[in-house]
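There are 2 protein chains.
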Amino acid sequence: MRLKAKSLKLSAGRPVAILHSDTARALGLHVDDRAKIKTERAKIIVLIDTVVGGFIGKNEIALSEEIVKSLGIRAGKFVDIDPAPARQSIHYIYEKLKGLSLEKRKIFAIIQDIGDNALSESEIAYFISAMYTRGMSSQEIADLTHAMVETGSKLNLKQKIIADKHSIGGIPNNRTTPLVVSICTSAGLTMPKTSSRAITSAAGTADVIEVIAPVEFRIDKMKKIVNKVGGCMVWGGALGLAPADDKIIQVERLISLDPEAQLIASILAKKLAVGSTHILLDIPFGKSAKVERVSALKLASKFKEIAKILKLNLQIILTDGSQPIGNGVGPVLELRDIISILRRDKNAPKDLENKAIMLSGRILEITDRAKKLQGEILAREILNSGKAFKKFNEIIRAQGGNLDNLNKKLMPAKFSCNILAEKNSKIKTIENKKIAALARRAGAPADKAAGIYLYKHLDEEVKKGDKLLTVYSETKDKLNEAIEFYKFVKPIIF
Amino acid sequence: MRLKAKSLKLSAGRPVAILHSDTARALGLHVDDRAKIKTERAKIIVLIDTVVGGFIGKNEIALSEEIVKSLGIRAGKFVDIDPAPARQSIHYIYEKLKGLSLEKRKIFAIIQDIGDNALSESEIAYFISAMYTRGMSSQEIADLTHAMVETGSKLNLKQKIIADKHSIGGIPNNRTTPLVVSICTSAGLTMPKTSSRAITSAAGTADVIEVIAPVEFRIDKMKKIVNKVGGCMVWGGALGLAPADDKIIQVERLISLDPEAQLIASILAKKLAVGSTHILLDIPFGKSAKVERVSALKLASKFKEIAKILKLNLQIILTDGSQPIGNGVGPVLELRDIISILRRDKNAPKDLENKAIMLSGRILEITDRAKKLQGEILAREILNSGKAFKKFNEIIRAQGGNLDNLNKKLMPAKFSCNILAEKNSKIKTIENKKIAALARRAGAPADKAAGIYLYKHLDEEVKKGDKLLTVYSETKDKLNEAIEFYKFVKPIIF
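Chain order of the listed sequences is X and R.
If you count the first sequence from 1, you need to add 10 to reach my numbering.
If you count the second sequence from 1, you need to add 10 to reach my numbering.
Here it is in structure tokens:
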């Protein structure tokens, strides 16, 4: 049936089309059914709401902003609507819940339907539960990864070697990406780096870079940036890479569930979609990290198995995840650390610098830009020479940002409070999750200049009255709330 | 914040409130967040959509029909809206997915939140998956049952003995309820029977009774009916009994998953909510029934365990589920069978009559209306005397229906086609699911007079040219589609 599109500027969190109830009946559609909407150029599967009389005519269809954006349609244009076909993929999800293993075509059907919006969030929740409770074989995970890549956009660069790095996260700051990308692209490597925004942390790389440059691009623009300056630091969410993955993550967040299969496929799919050939994966482990040592080793071996099936050169490095890396926690405060390292400030955080050099060195070695054991030396030369800072600046400019008025941009939030040591002692524990939660209480990542600055690391001696950390907030209320939170959870034990 | 309610007559399948985006921001609410809406008398948790400018003002809130109905509010009235509090129950669902067992207070928190609409359908899907993949102990199922009852309405009758019957379903027709209720209430028992509509079958008891009487009542009206005539045959969905159960079932249907824990709790909760003290549970078993013999025995023993914890007098009867019981399949066609038995027609289906007598007899015995082994005799007397038919008529009238113009009401759909035996043989198999699916293709239960009429039973001799069944449809298209379907699935093998 052909209907006239009407925009209500309504955002519903999912594609919703509103029909007159008579029109819905004529189409055999009920409230909450799924239907397919087509224009000449695009199609999308939507959820049906209905109205009785009133503000939508029988020959009209009101489209939520999610649909308007996806179809690129203007009000007054006509669209075709039909009931969505039955989805066999539901049955495959049911099979997985029962404990069967899924062959490739079934995994593709599920992922295709998720990407096409043909499965509801509840149906995706069943799929996530199935992966979590029943587990997936390496072959299934490899198929899942392939399916995510093939049902999304790809970057299609021409380079033979494309390098990438990834950390499974969980460690506050640990903001090595901007440094590694600047160093490795200075050495001539291509690094089309996509990053996430914070989910449970105080900042993601995308949040940090956004302080000085745009990070949301369409894939053709990303390609231009990478072709021009060799690399980028952009948000992965707007590119259409592995769209099913984004939808799965959205449903996972409701319950903080992250099945291993999905964790692995999600990471590898985003890398494959940009054409990465050489990947360095950082798995920080430790008591308050995402994984402890034994799980880290298991996860690494699973990653290795799957990379082999996918014919990817994947190197894994297990790193110390026992404490935050760098001093700042929050977008602006983390960017301060990065800039201070790039411009070779004396008081720049050494732990972050050393980790970035080590990761860069490994990437330069596996991509044959440096001989074995020579990678770190080359990386440090590039950093010391100022080339990395110059490249960083180039990338920021290519993304439409700049480093003008840097001091102002790097100014922390206006309200602050120092937390002091109450006795002479030694730092015994710094809990990663509590530090991240503290920075979030202070306002990060929404308030970009909010967060915390750490002065001490594990095993350091402290004297009574020494500064342990400073909390920065944009309002007095948030500052007070953060301080109360600090007292309650005690993230630092000494 | 206090906002002016606006009705768009919009049905969204879930309670959706639409705010101006500035208003949402002021409340700290984002698209898809949950918020609590209150009037002086009622409250409900809703999902937030937003609009930019245009048809909703900053001091207005548009409410979907689901909210308007639940709050009983008129447009122009004011409501209070606040962000919904954090839901600890999500964490308990996560624990169950991990495989932990849940203590009573955690199960109550989950069920309370589901009943209050504070958990999304995706979150309910996680709970269903957890029950399905991890299983639940008898104690957990008993707690689940209690939680469902306590978070809903109750009937609160004064009688000491309240009888009920239930079949787990899966057998076409098998419409014993109207007969059992008429017989047992004739003997003085109280039977406040609630029934379902068809989900995957061709008719539920509610669909059948609706041919001659209303079946949707509020609980106070149901109470009046039962107090007047001793029993009722109403739809369970409008009464507010165990509301969390209805929501769980809605999400289960997406994937046709029915975890044992939920199956048991769902049945027992509806019975407890109407105050049932003596329950007869019919578990038909067989190759094309819901369960085969071994599973039926297991299920029966699980039911027994839980009934013991709940201190319920539950009797279980395993019956032959190898074929449909009765001749008609579809609301009108099943009602024909019932009426023919009640008025003692010679050609009334004996299998249905005998099963109804047997079930009635058991109920009369366990409630001490009849001595051991005397129940069936009493039941048959009541049926033969015409008392049961009289009582049936009373109940129908109490529900606002009548048996006037019965021949017209019992007329099957206008298009029909006989399916004949192609050879001399014996009926070897009649597949329950395929028979139900065939009647649905013909139009049942939406077209009340559509369905099929069966002439033969298992092991009966047939001669070439004998009628096997008649298909009835309201349109030629549906009739043809049903006949094609018959040829394709072959529900009867001989």
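For glycine and all other residues, C-beta sits at the position ideal for the given N, C-alpha and C.
Review point. Residues bridged to residue 46 of chain R by DSSP?
Key: R:55, R:92
Practice item. Sort out for me which residues DSSP pairs residue 295 of chain X with in a bridge. Key: According to DSSP, which records beta bridges pairwise, residue 295 of chain X is partnered with X:301, X:330.
Practice item. Could you tell me which residues DSSP pairs with residue 73 of chain R in its beta bridges? Key: Checking the DSSP bridge columns, you'll see residue 73 of chain R partnered with R:17, R:27.
Check your understanding: What residues of chain X sit near residue 38 of chain R, judged by a beta carbon separation below 9 angstroms?
Key -> Within chain X, no residue comes near residue 38 of chain R; the closest Cβ sits about 11 angstroms away, beyond 9 angstroms.
Check your understanding: Taking buried to mean at least 16 other C-beta atoms within 10 Å of its own C-beta, is residue 88 of chain R buried or exposed?
Key -> exposed
Review point. Which residues of chain C have a Cβ atom closer than 7 angstroms to the Cβ of residue 133 of chain X, listed in chain order?
Key: In the structure shown, chain C cannot be found, because the protein chains are X and R.
Check your understanding: Out of curiosity, what's the CA-to-CA distance linking residue 382 of chain X and residue 500 of chain X?
Key -> Residue 382 of chain X and residue 500 of chain X have their C-alpha atoms roughly 43 angstroms apart.
Check your understanding: So is residue 64 of chain X buried or exposed if we call it buried at 16+ other beta carbons inside 10 Å?
Key -> With fewer than 16 Cβ atoms within 10 Å of its Cβ, residue 64 of chain X is classed as exposed.
Check your understanding: To the nearest angstrom, how far is it from the Cα of residue 346 of chain X to the Cα of residue 416 of chain X?
Key -> Residue 346 of chain X and residue 416 of chain X have their C-alpha atoms some 10 angstroms from each other.
Point to revise | Chain-order list of residues whose beta-carbon lies under 7 angstroms from that of residue 223 of chain X (same chain, five-residue window excluded) | key: 406, 409, 410, 411
Check your understanding: Taking just the CA atoms, how far does residue 24 of chain X sit from residue 46 of chain R?
Key -> 21 angstroms
Check your understanding: Residues in the segment 19-35 of chain R with C-beta within 7 angstroms of chain X's C-beta atoms, listed in sequence order?
Key -> 19, 20, 21, 22, 23, 28
Exercise for review: With DSSP as the reference, please indicate the residues paired to residue 425 of chain R in a beta bridge.
Suggested key: According to DSSP, residue 425 of chain R bridges with R:483.
Check your understanding: From residue 214 of chain R to residue 179 of chain R, what distance separates their C-alpha atoms?
Key -> Taking the Cα positions, residue 214 of chain R is about 9 angstroms away from residue 179 of chain R.
Practice item. Count the C-beta pairs between the segment 308-317 of chain X and the segment 350-360 of chain X that are closer than 8 angstroms, then say yes if the count reaches three, no if not. Key: no
Review point. Does DSSP classify residue 417 of chain X as helix, strand or coil?
Key: helix
Point to revise | Interface residues of chain R facing residue 65 of chain X [CB-CB closer than 8 angstroms] | key: The answer, in chain order, is 18, 65.
Check your understanding: Name the chain X residues that come within less than 9 angstroms of residue 301 of chain R, Cβ to Cβ?
Key -> The premise fails here: residue 301 of chain R is roughly 16 angstroms from chain X at the closest Cβ pair, so nothing lies under 9 angstroms.
**Study point:** Beta-ladder partner(s) of residue 205 of chain R, from DSSP
**Key:** Its beta-bridge partners are R:245.
Practice item. Please say whether residue 451 of chain X and residue 492 of chain X have beta carbons closer to each other than 8 angstroms? Key: yes
Point to revise | Exposure of residue 153 of chain R, with buried meaning 16 or more beta-carbon neighbours within 10 Å | key: buried
**Study point:** Opposing strand residues paired with residue 183 of chain X [DSSP bridges]
**Key:** Residue pairing from DSSP places residue 183 of chain X in a beta bridge opposite X:335.
Check your understanding: Do we get a CB-CB distance below 8 angstroms when we pair residue 261 of chain X with the residues of chain R?
Key -> yes
Check your understanding: From residue 97 of chain X to residue 211 of chain X, what distance separates their C-alpha atoms?
Key -> Their backbone Cα atoms lie some 36 angstroms apart in a straight line.
Review point. What is the residue span of the beta strand (DSSP E) that residue 176 of chain X lies within?
Key: 173-177
Exercise for review: With a 10 Å radius around its C-beta and 16 neighbouring C-beta atoms as the bar for buried, classify residue 266 of chain X as buried or exposed.
Suggested key: It counts as exposed.
Review point. From this set, R:71, R:375, R:67, R:81, which residue's C-alpha is nearest residue 52 of chain R's C-alpha?
Key: Answer by Cα proximity: R:81.
Practice item. Measure the alpha-carbon distance for residue 475 of chain R versus residue 435 of chain R and round it to whole angstroms. Key: 11 angstroms
Check your understanding: Comparing the C-beta of residue 59 of chain R with each C-beta of chain X, is any distance below 8 angstroms?
Key -> yes
Point to revise | Euclidean distance between Cα positions of residue 445 of chain R and residue 205 of chain R | key: 21 angstroms
Practice item. Using a cut-off of 9 angstroms between C-beta atoms, extract the partners of residue 140 of chain X located in chain R. Key: 139, 143
Point to revise | Ranges of the alpha helix (DSSP H) found wholly within the segment 339-422 of chain X, counting only runs of at least 4 | key: 341-352, 360-376, 385-394, 397-408, 416-419
Exercise for review: Report the residue from X:479, X:461, X:502 whose alpha carbon sits nearest the alpha carbon of residue 485 of chain X.
Suggested key: Taking residue 485 of chain X as reference, the option from X:479, X:461, X:502 with the minimal CA-CA separation is X:461.
Review point. Using the beta-carbon of each residue, which ones in chain R are nearer than 7 angstroms to residue 62 of chain X?
Key: 19
**Study point:** DSSP three-state assignment for residue 439 of chain X, whether helix, strand or coil
**Key:** strand
Practice item. Give every residue of the same chain whose Cβ lies closer than 7 angstroms to the Cβ of residue 505 of chain R, excluding the five residues on either side of it in the sequence, and list them in chain order. Key: Any property of residue 505 of chain R remains undetermined from this structure, which presents chain R solely from 11 to 504.
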